[in-house]
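As given, the protein sequences belong to chains A and B, one line each in that order. Here our numbering is used: the first residue of the first sequence is 1206, the next is one more, and so on. Here our numbering is used: the first residue of the second sequence is 1206, the next is one more, and so on.
2 protein chains.
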Amino acid sequence: MYRSHNNGELNATYINKEVTLAGWVQKSRDKGFMIWVDLRDRYGITQLIFDEQRTDKAVFEKAKSLGREFVIQVKGTVIERESKNATMATGDIEILVSELNILNAAITPPFTIEDETDGGEDIRMKYRYLDIRRNPVKNSLLFRHKVAMGVRKYLSDLDFCEVETPYLIKSTPEGARDFVVPSRMNQGQFYALPQSPQTFKQLLMVGGMDKYFQIVKCFRDEDLRADRQPEFTQIDCEMAFVEQEDILNVFEGLTRHLLKELKGIEVAQFPRITYDYAMKTYGNDKPDIRFDMKFGELNSVAQHKDFSVFNSAELVVGIAAANCASFTRKEIDALIDWVKRPQVGASGMVYVKCEEDGTFKSSVDKFYDQEDLKKWSEATNAKSGDMIFVLSGPADKTRTQLSALRMELATRLGLRNPEVFAPLWVVDFPLLEWDEESGRYHAMHHPFTSPKPEDMKLIESEPGKVRANAYDMVLNGNEIGGGSIRIHDKDLQSRMFSLLGFSPEQAEDQFGFLMNAFQFGAPPHGGLAFGLDRLVAILGGQETIRDFIAFPKNNSGRDVMIDAPSAIDATQLKELYIKLDL
Amino acid sequence: MYRSHNNGELNATYINKEVTLAGWVQKSRDKGFMIWVDLRDRYGITQLIFDEQRTDKAVFEKAKSLGREFVIQVKGTVIERESKNATMATGDIEILVSELNILNAAITPPFTIEDETDGGEDIRMKYRYLDIRRNPVKNSLLFRHKVAMGVRKYLSDLDFCEVETPYLIKSTPEGARDFVVPSRMNQGQFYALPQSPQTFKQLLMVGGMDKYFQIVKCFRDEDLRADRQPEFTQIDCEMAFVEQEDILNVFEGLTRHLLKELKGIEVAQFPRITYDYAMKTYGNDKPDIRFDMKFGELNSVAQHKDFSVFNSAELVVGIAAANCASFTRKEIDALIDWVKRPQVGASGMVYVKCEEDGTFKSSVDKFYDQEDLKKWSEATNAKSGDMIFVLSGPADKTRTQLSALRMELATRLGLRNPEVFAPLWVVDFPLLEWDEESGRYHAMHHPFTSPKPEDMKLIESEPGKVRANAYDMVLNGNEIGGGSIRIHDKDLQSRMFSLLGFSPEQAEDQFGFLMNAFQFGAPPHGGLAFGLDRLVAILGGQETIRDFIAFPKNNSGRDVMIDAPSAIDATQLKELYIKLDL
């Protein structure tokens, strides 16, 4: 062992002890007769002192040669510091060095290894091993480990069994695009990397495993939107002999446990709202409920007046921004411009100031009197001093726009505190969604999700209205987990495939093994999956997942550090029975 | 929830309680007026009773229809059993059923769902979800989970951080064959699936993570020998600022902990033997030391007599089989035939009976007198009543043959008790091994392994004699883990690549990122990896890893349950810029 202690543990109780430390030179201050070095490792920083008076001359000279990020080993005595630093665990002491051993020199790093670095995203990714030396990244990775261990421990204690499912599976055209792997031993055939272990966990339920979980990598070959990764990690779970209520309770328990253990925060029972309610109230199926600003529908109180814009709209809907009546004309115009940006796409916005004296001042005073506006304020739950913003147009589109405005206002008003946690369940998702492009229904969750029995009567006549036993856990405006009660009946599964446009042959070819399994006694079962990357980032109080992944890929799916993907040998291709087709 | 209790927890304390149970019909005995059903789930079996006298007629009739593996839910009362079964946790009670709900019917399974099944390997794999219902497989998976949790907990408590490394990495021609993944977004380029996270864990050490572990899938596209899988799981570990001794201590501690926690077995400090000693003493670098039978070299006492076979041999070497002097001529001949099989390849075998009276009787009495044979018995540590078997020929080949015989004898003599655990370390492996085929040296462990500093003087003159800081943990004749202290110096790494036949360009192209990283202050580091599949199987007292893997592949790398790999669409190929080349 190159050290007797790490750089985070020495304090005044060690004074006069001989110690051996090792680590990186964080910085070095040379005062001529005295040299101080901050020695860093994963656990902290310890100050070293080399003193012309007290340090051997050769050691002192060697200390002068130390550069940033040199790896050194020192022996010395713990002494009391003259100027103590109360913000550091080791701030009361320093090490008077007697021996210095340079374990490895370092060339100058391409960016500063500090909490706030001068390195941009690209250079940090190329030298990710240096980036990981920085506290924000290092601590994110340590935090991720804590979350994963917390999940494993909690679920194991509830008798869940972690089962590793295979990575080399079968490609299915349904859903997102698969990554595929040519098989050398099975000429002309390919494995696929799993988008999720969905069918395997269902087979484990058929196999009687009863309670399964796995923290597992999944793969999707999608064009990468911001903050998406081609490989990502799921906390994948499944239970047998359960109903939706049981699953919500177990995984609400898990999330509450994590919040308590990792953040010290006690959260009450999660609110449960339906998908329909979420869409109507927040314009969004993953509402951020750290703040209120619920939608107020204004059709009944804003239409049938002389304002043709509202009269012709399918939906007139507003929100009350608390304490914003004092917005200046300029601030309001900026917000109107914001909703008119192509990314949001509103054609305009009406506002109403709810003055402190109980009167209203709006941009549509020409059409609406105080009595009308009072009704608007009631519908949007606005109080004196608030500002109401109103959008109108086609219902779905307008809700989406108002949802965007709601989030933007919350950001501007500082209502999205990353250290406040507001989880909830959204339930009763539609089973199917219509896809304009392919002119058919798609499974909103996936083809294994069970419809609500009471809605089965609509399945032929109005399939779009059938609700599913499907649920999402939402945290601070992010879907962090989602799942469903599955179909466990062969005939119903078969009918579902046909509803989704599978021919019987396609269904058999792709999922025959699952339907076959259902014949041998499949129990009722259901589950869910959490996105670990996102969950960890949110619990860590961050917007982006990238620093919670040790070696992330960029938006072109490249690992710029190792330079992958890359060309491979012709002989390698030949062995795999493929050739390039550029 | 479909149940109030599981099928393993009810006992006499529950008598008269109303319960709801769910599970599979293990078997049903219909006595006409009474029907007993064994209801099974992951947790156990509970006996149900339907009684013509006491059970509702409709329920009784329904019970008659129950077949094997039907999934049912019952309500009923816990009553005392008339004929108790002390071997079952629930053997004191049964459930007098009042309600019966068939959750799912089942067709007849293709093999019996019993501990001893009538299903062969192929059919069990095709219907693996049924196989998992059997105790031996189910318990193996539960045991695997316990081992994995035990490892995670132990290492986390020692401040190891589990870090997920990427699965989509870069192909390197060194080592085994990679599985590759064509990239759609990077035309004509391929990712590779990792054979191990070796370079990433080293970069984490450069990044200051200090102590890393990961339980991680790895991939090798090799022709599958028996009991190998194309995807397998490693416990992958790395530490910084350590020497070999530190690593041996930590992972010996882990293994000792697992043996204690999971098997209740206390093991003393592991013996440490060198590679050279292992090869000379056991003919094998992974010796099974549950039994002795060390090699005795007989050159000095068996050569220079009139037996030309021995005189012309590079090595004459024997082992003493304890208490085998009583072997019949037939038994001896069978063993001679065994060593002469092509798989072993000996040309013949000499034997010496060490009679109870202290005399010797050998197959070469013509050439050797009692005095000679006494020396043989001393060299092989044979006692009265033992039998000495002697092979001769080229040294390496003969040792391998005698090693095979040693294992065979141990098997025949019942010395390989799977519930006895004899771990050890084999250290000081050679750095390089000569590969006849390519006419050059290969890295015995991998190209990142550091040579012993004291052997560096031989690196140009006699590279084959240079020893590495490399070590294996061996358990019951299996290598369950191996690792090394790594090179952390750019120049030495570069020299190593050149020794292994890399041109500077190839080294830069494939491992430039690692050598580059070493320039920025790489700490001394090292680690090891355990094969989890094998470790779990051995701890579980089994020879084969297959039942410790939920969904294994067969020897052609196929998953016969889901029928993977399989053909993929032409459009999918097109998108990936590849075509078939059959």
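Beta carbons are placed, not taken as given, at the ideal position from N, Cα and C, and that holds for glycine.
Straight-line Cα distance separating residue j from residue i
i: L1360/B; j: M1444/B; result: 12 Å
i: P1547/A; j: Q1392/B; result: 32 Å
i: R1645/A; j: A1734/A; result: 26 Å
i: Q1575/A; j: T1564/A; result: 7 Å
i: I1374/B; j: K1779/B; result: 22 Å
i: R1389/B; j: L1781/B; result: 5 Å
i: K1566/A; j: V1514/A; result: 19 Å
i: F1395/A; j: R1477/B; result: 45 Å
i: H1650/B; j: H1693/B; result: 16 Å
i: S1288/B; j: L1308/B; result: 29 Å
i: A1353/A; j: L1740/A; result: 10 Å
Residue i, buried or exposed, once every other Cβ within 10 Å from all chains shown has been counted against 16
i: S1270/A; result: exposed
i: H1509/A; result: exposed
i: R1430/A; result: exposed
i: F1238/B; result: exposed
i: G1688/B; result: buried
i: I1220/B; result: exposed
i: D1677/A; result: buried
i: A1473/A; result: exposed
i: S1761/B; result: exposed
Proximity to residue i [Cα-Cα], best of the options
i: E1796/A; options: E1713/A, A1527/A, I1537/A; result: Residue 1796/A lies beyond the residue range present for chain A, which begins at 1206 and ends at 1787; the question has no answer from this structure.
i: R1382/B; options: E1369/B, A1431/B, L1398/B; result: L1398/B
i: D1640/A; options: F1594/A, G1688/A, L1705/A; result: L1705/A
i: V1224/B; options: F1255/B, S1288/B, Q1258/B, S1303/B; result: S1303/B
i: G1736/B; options: I1685/B, I1374/B, Y1646/B; result: I1685/B
i: D1490/A; options: Q1439/A, D1601/A, S1401/A; result: D1601/A
i: N1454/B; options: M1484/B, F1512/B, L1363/B; result: L1363/B
Chain B contact residues for residue i, given Cβ-Cβ distances below 7 Å
i: D1246/A; result: G1413, D1415
i: A1712/A; result: The contacting residues do not exist; A1712/A stays about 14 Å from chain B at best.
i: M1390/A; result: S1761, G1762
i: F1384/A; result: V1386
Cβ pair residue i, residue j closer than 9 Å
i: T1460/B; j: P1628/B; result: yes
i: E1299/A; j: I1284/A; result: yes
i: N1683/B; j: I1743/B; result: yes
i: S1589/B; j: V1521/B; result: no
i: I1250/B; j: G1213/B; result: yes
i: L1636/B; j: T1654/B; result: yes
i: Q1818/B; j: P1315/A; result: This structure does not reach residue 1818/B, given that chain B is present from 1206 up to 1787, and the question cannot be answered.
i: C1442/B; j: Y1480/B; result: no
i: L1206/A; j: E1448/B; result: The question names Leu, yet the displayed sequence has Met at residue 1206/A. Taking 9 Å as the Cβ cut-off, M1206/A and E1448/B qualify as a contacting pair.
i: F1718/A; j: L1408/A; result: yes
Per-residue contacts from residue i into chain B (C-beta, under 8 Å)
i: T1486/A; result: The premise fails here: T1486/A is roughly 31 Å from chain B at the closest Cβ pair, so nothing lies under 8 Å.
i: R1338/A; result: G1412, G1413
i: L1347/A; result: C1366
i: F1405/A; result: A1755, F1756
i: Q1724/A; result: A1311, I1312
i: P1378/A; result: D1774, Q1777
i: L1409/A; result: Y1334, I1337, A1755
Listed by chain order, chain A residues near residue i by CB distance under 9 Å
i: P1728/B; result: Y1207, A1227, G1228, W1229, D1246, V1276, L1308, N1309
i: P1658/B; result: Within chain A, no residue comes near P1658/B; the closest Cβ sits about 14 Å away, beyond 9 Å.
i: K1465/B; result: Near K1465/B there are no residues of chain A at all, since even the closest Cβ is about 19 Å away, more than 9 Å.
i: E1321/B; result: Chain A residues near E1321/B: none, gap ~18 Å exceeds 9 Å.
Interface partners of residue i on chain A, CB under 8 Å
i: G1393/B; result: A1772, L1785, L1787
i: P1399/B; result: By Cβ distance, chain A contributes nothing, its closest Cβ being about 11 Å from P1399/B, past 8 Å.
Chain-ordered neighbours of residue i on chain A, where CB pairs are closer than 7 Å
i: I1767/B; result: I1374, K1375, F1718
Per-residue contacts from residue i into chain B (C-beta, under 9 Å)
i: M1354/A; result: R1357, K1358, S1361, E1367
i: V1447/A; result: M1206, Y1207
i: K1779/A; result: D1786
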